[in-house]
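Beneath this line is the structure, given in C-alpha cells, with notes to follow.
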Amino acid sequence: MVADDLTPHDLMATTDLTAPHTWYPSTRAMRRRVVYHCGPTNSGKTHNALASFSAAKSGVYCSPLRLLAIEIFDKVNATGVSCSLRTGQEVKEVAFASHLACTIEMVSTEEISTRSPLLTRCR
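Here this note's numbering runs 3 ahead of the position in the sequence shown, where the first position is 1.
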C-alpha cells in the first residue's frame with residue numbers, strides 16, 4: 004500500500020491498539036512462565052530475580068541497564084550456569100548456554116521462542 008492510497012479508515016485500522024491480545028497468535032500459544040519482580044529500591048528484587056533465573060532450566064534476563072546485564076552475566080556464570088551476554092555494546096556468546104542476560108532492546112523474540120518453552124523474564 005502506498006501512502007497516497009491510504010484512507011482515514013486504513014489509518015485508523017493500522018493504529019488501532021485496542022486488541023493487543025489478537026496480535027502474534029503463535030507467540031501467545033507458547034507455553035511459558037513470566038516472572039516479574041516489582042518493589043521499592045533496595046528491597047531484594049534483583050537478588051530474588053537472579054535466584055529464579057539461575058534455578059530455571061533456561062531463561063532470558065532482560066535488564067534496563069547494560070551494567071546490570073553484565074553483572075548478572077558474571078554472577079550466573081560464576082555459579083556454574085552457562086549464560087551468554089548481549090548488550091548494545093557487547094556480545095559474549097557462551098557455547099551451549101541455556102541462559103541469556105541482555106539489555107531489553109537486545110532481546111530476540113525468535114530466540115525466546117526457540118530457546119525453551121520456559122521463559123523467565125525478570126526486571
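For glycine and all other residues, C-beta sits at the position ideal for the given N, C-alpha and C.
Per the C-alpha coordinates, the member of Gly42, Cys86, Arg69 and Asp13 positioned closest to glutamine 92 is Arg69. Here DSSP, grouped into helix, strand and coil, assigns serine 46 to coil.
Straight through space, the alpha carbons of glutamate 113 and alanine 54 are spaced by roughly 25 Å. With a threshold of 16 other beta carbon atoms within 10 Å, cysteine 65 meets it and is buried. Contact fails between the segment 44 to 53 and the segment 83 to 92, because fewer than three Cβ pairs, one in each stretch, are under 8 Å apart. Closest in C-alpha terms to valine 38, from the list Ala22, Gly62 and Ala81, comes Gly62. Note on the segment 47 to 91: whole beta strand (DSSP E) runs with a minimum of 3 residues are 62 to 66 and 86 to 89, in chain order. Comparing C-alpha distances from histidine 102 to each of Ser111, Arg36 and Ala59 shows the shortest one belongs to Ala59.
With a cutoff of 7 Å on beta-carbon distance, valine 97 and serine 111 are scored as not near each other.
Boundaries of the alpha helix (DSSP H) harbouring alanine 16: 11 to 17, taken from the DSSP string. Take the alpha-carbon of leucine 20 and the one of aspartate 8: they are about 22 Å apart.
One thing to note: alanine 72 has its Cβ no nearer than 7 Å to the Cβ of cysteine 41.
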